[in-house]
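Asker: Structure below; questions to follow.
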Amino acid sequence: MSDEVFRAVARELGDGFPPENVLYPVNARLRASYPDGLTIADIIDVFLDDNAVGVRTALTSRLRQWDAESVETWVGSTVPQSPERRARIYDLLGLPVDAHAEMDAHFPREGGPVVIAAQQPWDPWYTSERRREHDFYWRAYKRVLADKNWDEATIGKLDIATTEVVHRLADPTRPEPYQSKGLVVGYVQSGKTANFSGVVAKAIDAGYRLVIVLTGTIEILRSQTQRRLDMELVGRQNISAGVDDDYANDEDWRDGNFLEHEIDPNKTNEIPAIRRLTTSTFDYKSLLAGLSALHFETVDHSLPLNDPKNLYPSNIRIAVVKKNVSSLKKLVADLKKVPTELDQIPALIIDDEADQASVNTIDPKKMKTEQIERTAINGQIAEILGLLERAQYIGYTATPFANVFVDPEDSVNVFPSDFIVSLERPGPYMGGADFHDLDDVEDDDKTPANSNEKAYVRDLRAECDEDRSVEQLRALDSFVLTGAIKLFRESKGAKQYRHHTMLVHESVKQAEHDAVANDFKALWKSAGYSQAKSLSRLEKLWAEDFAVVSAARGSELANPSSFGDLEEFIGAAYDRISEGTSPVIVVNGAAEKDYKQDSLDFQERGVWKILVGGTKLSRGFTVEGLTITYYTRRTGQADTLMQMGRWFGFRPGYRDLVRLFIGRTVGGPAGADYDMYKAFEAIVRDEQEFRNELTRFSGVNEKGEPWVTPRDVPPMVFQQLPWLRPTARNKMFNADLVYRGMGGESFSFTMQPPRGDGSINARHFDAVTPLLKSLDETGSFNFVDKDDVSRSFTARYGIVPAHVVLEAVDQFEWANGWDFGPHREALSTAIESGLLEDFAVLLPYPKTREPIEIKGWHEKLPIVNRKRQEREYRTGFTGTAVRERDAIEHIAGSPKKNGGPLAGALHRKTRGALILVFANDPAPRQLKRAQAGPVDSRDFATLFSYALPHAAEPLGRIGFRVKQSGTGAIVDAN
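As structure tokens, this is what we get:
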């Protein structure tokens, strides 16, 4: 096809328009050149032509938008991101059914944010037409992101995610006030600020005229957030129109890196200007004589501010305020004096780190005072909401177990009763899962290529000061060495690494920060980086660690072929880190005058430093260029612990260089030792399970009603970290989860109690012996591994009546805090209704491990290694037969899985499927795994996964029982 055809087709794929038959307008454009016209087959060929780059880019963008659309009438009854939605799009484009599969193969559905929402008391208002009419600030923000090298797909996904949030707010022009309250759940250091900046841009385009951004409790975070919004959204013209010159010494301001709007909003009546009520150097202050800054302009005084005639010309006010009682009281006092009627002002409140106001992260000696402060902060936020009847509240957090998320006592103030949006994990993001081996790689098989732990994690196990100094030196050497590698990469054409930092986090106490900082200063002087004596030590570290990991994880980057290539950069890195007063900066709540050191300002200059701190560096604040982390602090709060993961984030061009030095034997109460790495892993798994549950039960049922509402989400949380104190479960929610069924989808039941004397293991094995006796066949099944390669495994299998399986699993005991009841209810209901008659039970046989003899059993059985979670971190095991689940889901009728021909032959409409796994679980002091047998049944655990028949619950179903009448929990959601 010609370029003329490509251009004609691309023009019919405009941004913001619904899918429509593409053939007729294309032929109209091409009438002169192609008088006989194109056929729909020709159009499809263009869509699939690799040379039609512009067409494919435009179509990918439009499909992404159309797949996610949730308010336009053309979507009919189809659900966002569903196969039915995609088929609807193809139909509207005029594509025949026989082309759908090939189109799907070339343009797969990308997914999107997960949304849990209550039904809204209004018709959809944030339509594509409304978005096109007012999009000045969103278009400007998109340009900023493109200039930061965000690709089109990433910007497109942000567009979808922010639209999902904004259309769940109330229409700012709505005659009757309504407060929508929601929560956006991201990941630690994953770009939540980019999301709420996009939400703010779209909200002010839509008509919101007062924006209040709450930013945690420390000024360093508030200032960082203010600058980010000023630089990327407010823009130079709006900043310059004010009286403050807070960026006079800012390097990015001088270099012209702040947003320059295409049109100056201060010189036109068509675009509202933004007036800042706070600056990068000053939190909110009483306006006094300047109270007119909060007086909103109106064109027609006979109409309220929220009338479109007045609203769109009116300028925007934005305040970035930290959660400090004094600042919030000043804001509340000024709001009470505003001449504009408060119930006419469409306001947006963004609460960044929304959980912080109710989570205890302080020294117990300060607890009483801090608790009063937090109560006062909550009270001020509630008062703002009370004053501004049109205020919309959106909390942002990276810790989905936060108290503000689940505590019903807060529901009258900031509980997210209208919506919860769980953001996608960004592609280049390096988060908790990237530092742990969640796929259960066997310890003996771990390498830097297949194990995140081997690649990025280094243990801290010092038992004396001498050992501690050795560990600290290795971390410091790693910091210098990675700085040298970055400079080497710059010399080979890599983008400049403006910041290079090391974070040391050992305590929350300021006095201990001083001692730790002094330790690292002394170590810096004695390490000999400016002398030849350090080179042999650094060469050994490079050869044994960084060269190996970079070869496995950073092969696409420029890497030294020998240590000799790095030598000249060692001194340069040392010089960069040594610049200024000291290589170490202490970052805590003490006054800056108490320290003789450089200021920490990532905006004014490049920072190559070792940062020592606690709370100030553990929530919200972005440590730029963070490469080496030295972490040994224990905390008693699960979400606080997760927020300390400053090593999470985006590491462009140096992902392979990141190292986490973490305490494996951190002292705690009563002389107990805690493994902080395993504690983090437990939280990561809990969070992943929680997000999976949100995904399963998001959306609406066939009646168009939500499966669950935000008030029903907390019972879906399972968290088993006894020494980390989440809110008590009997205070966390208003409903009990009583039914959970997903047809054709497997669930692993690994949440077993601690081993104890092994008697529970023995009882579990006895419970499944009736199942074992039915395994009278052997066959081969398929699965797709993590690299999308089809592989096979051998298993014994048999068909077992469903009531026999139910009798077996009824005998299992479970960990405290986890309830098998909802699953059992779904199982028994399916049996009683005739939708479940039997199970295909599979017992996989590993290819590399021979079956072994079992005491008291007549035949050998396969015993595999599965990681038992120690009691202080999490009971139970990390998984069952993860990769082999494709087979049982296929047998159970899942249309998405292929377990091979045998799985297909075993499928029946009323048949479920179950996998049995026997996992080594010897007594704690008997560390050697069973190799040859015979093995006592006390020394291995019985694990299983099962899938209900797809036909039994094709859409999935979840049910709740109301704890207290009148709380509005869903009793049955399907």
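Going by this note's numbering, the first residue of the sequence shown is number 281, and it counts up by one from there.
Think of the CB as a built atom: it goes at the ideal place given N, C-alpha and C, for glycine as much as any other residue.
This one's a predicted model, so the numbers in the text were calculated from it and none came from an experiment.
1. Specify the secondary structure class of residue 691 as computed by DSSP and reduced to three states.
2. With residue 942 as the anchor, note down where its beta strand (DSSP E) starts and where it stops.
3. Which word fits residue 1152, buried or exposed, when buried means at least 16 other C-beta atoms lie within 10 angstroms of its C-beta?
4. Where in the segment 411 to 456 do unbroken runs of the alpha helix (DSSP H), each at least 4 residues long, occur, reported from the N-terminal end onward?
5. Relative to the alpha-carbon of residue 673, which residue among 494, 612, 487 and 1050 has its alpha-carbon at the smallest distance?
6. Buried or exposed for residue 300, please, with buried defined as at least 16 other CB atoms from any protein chain shown within 10 angstroms of its CB.
7. Express the C-alpha separation of residue 603 and residue 653 in angstroms, rounding to a whole number.
8. Residue 398 lies in the beta strand (DSSP E); which residues open and close that run?
9. Start and end of the alpha helix (DSSP H) containing residue 757?
10. Let me know if residue 385 comes out buried or exposed under the rule of 16 or more other beta-carbons within 10 Å of its beta-carbon.
11. Counting Cβ pairs closer than 8 angstroms, one from the segment 709 to 720 and one from the segment 963 to 980, do we hit at least three?
12. Leaving out five residues before and five after residue 946 in sequence, what residues of the same chain have Cβ atoms less than 6 angstroms from its Cβ?
13. Within the chosen definition, does the segment 600 to 617 reach the segment 474 to 482 through at least 3 CB pairs nearer than 8 angstroms?
14. What did DSSP end up calling residue 589 once you bin it into helix, strand or coil?
15. What is the rounded straight-line gap between the Cα of residue 854 and the Cα of residue 863?
16. So does the segment 560 to 580 actually touch the segment 440 to 460, counting three or more Cβ pairs closer than 8 angstroms?
17. Taking residue 1065 as the reference, which of 1031, 1167, 1145 and 1028 has the closest Cα?
18. So the alpha helix (DSSP H) residue 1295 belongs to, where does it begin and stop?
19. Have a look at residue 688 and residue 972 and give me their C-alpha separation to the nearest angstrom.
20. Compute the distance between the beta-carbons of residue 286 and residue 355, then report whether it is under 8 angstroms.
21. With distances taken between CB atoms, is the gap from residue 1051 to residue 988 smaller than 8 angstroms?
22. Residue 538 to residue 595, Cα distance in whole Å?
23. With DSSP run on the structure shown, which of helix, strand or coil describes residue 658?
24. Taking Cβ positions, are residue 512 and residue 421 nearer each other than 8 angstroms?
25. Taking its Cβ as the centre, do 16 or more other Cβ atoms sit within 10 Å of residue 348, making it buried, or is it exposed?
26. Whole angstroms are fine: how far does the CA of residue 974 sit from the CA of residue 690?
27. Should the segment 1219 to 1239 be called in touch with the segment 1018 to 1033, which here means at least 3 C-beta pairs below 8 angstroms?
28. From 977, 1054 and 306, pick the residue whose C-alpha is nearest to that of residue 316; which is it?
29. Check whether the Cβ atoms of residue 1180 and residue 1060 lie closer than 8 angstroms to each other.
30. Determine the burial state of residue 907: buried for a count of at least 16 other Cβ atoms within 10 Å of its Cβ, exposed for fewer.
31. Here's a check: name, in chain order, each residue in its chain whose Cβ is nearer than 8 angstroms to the Cβ of residue 664, leaving out the five neighbours to either side.
32. Which residue marks the beginning of the beta strand (DSSP E) containing residue 631, and which one marks its end?
33. Can you name the residues that DSSP bridges to residue 785?
34. Which complete beta strand (DSSP E) runs does the segment 1036 to 1095 hold, if anything under 3 residues is left out?
35. When you compare only the Cα positions, how much space is there between residue 400 and residue 979?
36. What did DSSP end up calling residue 987 once you bin it into helix, strand or coil?
Answerer: To lay it out plainly:
1. Annotation note: pLDDT 42 at residue 691 (below 50); position unreliable, coordinate value reported separately. Residue state, collapsed to three classes: coil.
2. 939 to 943
3. Residue placement at residue 1152 is poorly supported in this model, since its pLDDT is 47, which falls under 50; the coordinates still yield a value, given next. Under this definition residue 1152 is a buried residue.
4. 416 to 427 and 432 to 446
5. 494
6. exposed
7. Low per-residue confidence applies at residue 653: pLDDT is 42, beneath 50, and the placement is therefore not dependable enough to give any value.
8. It is not in any beta strand (DSSP E) - residue 398 carries neither H nor E in the DSSP assignment.
9. 745 to 771
10. exposed
11. yes
12. 912, 914, 954 and 956
13. no
14. helix
15. 9 angstroms
16. no
17. Measuring from the Cα of residue 1065, the nearest candidate turns out to be 1167.
18. The displayed coordinates of the chain run from 281 to 1254. Any statement about residue 1295 would go beyond what the structure contains.
19. Reliability fails at residue 688, whose pLDDT of 41 lies under 50, so the model's placement of it is uncertain and no value is given.
20. no
21. No, they are not a contact pair.
22. Rounded to the nearest angstrom, the two C-alpha atoms are 21 angstroms apart.
23. helix
24. In terms of Cβ geometry, residue 512 and residue 421 form a close pair [threshold 8 angstroms].
25. In this structure residue 348 is buried. Its beta-carbon is surrounded by 16 or more other beta-carbon atoms within 10 angstroms.
26. Per-residue confidence for residue 690 stands at a pLDDT of 44, beneath the threshold of 50, marking its modelled position as unreliable; no derived number is given.
27. yes
28. Closest by alpha carbon: 306.
29. yes
30. buried
31. A distance below 8 angstroms between beta-carbons, with the five flanking residues on each side excluded, links residue 664 to the following residues of its chain, in chain order: 492, 608, 611, 612, 615, 629 and 671.
32. 627 to 632
33. 911
34. Correct list: 1057 to 1064 and 1070 to 1081.
35. Approximately 14 angstroms, taken between the alpha carbons.
36. Secondary structure of residue 987 (DSSP, three-state): coil.
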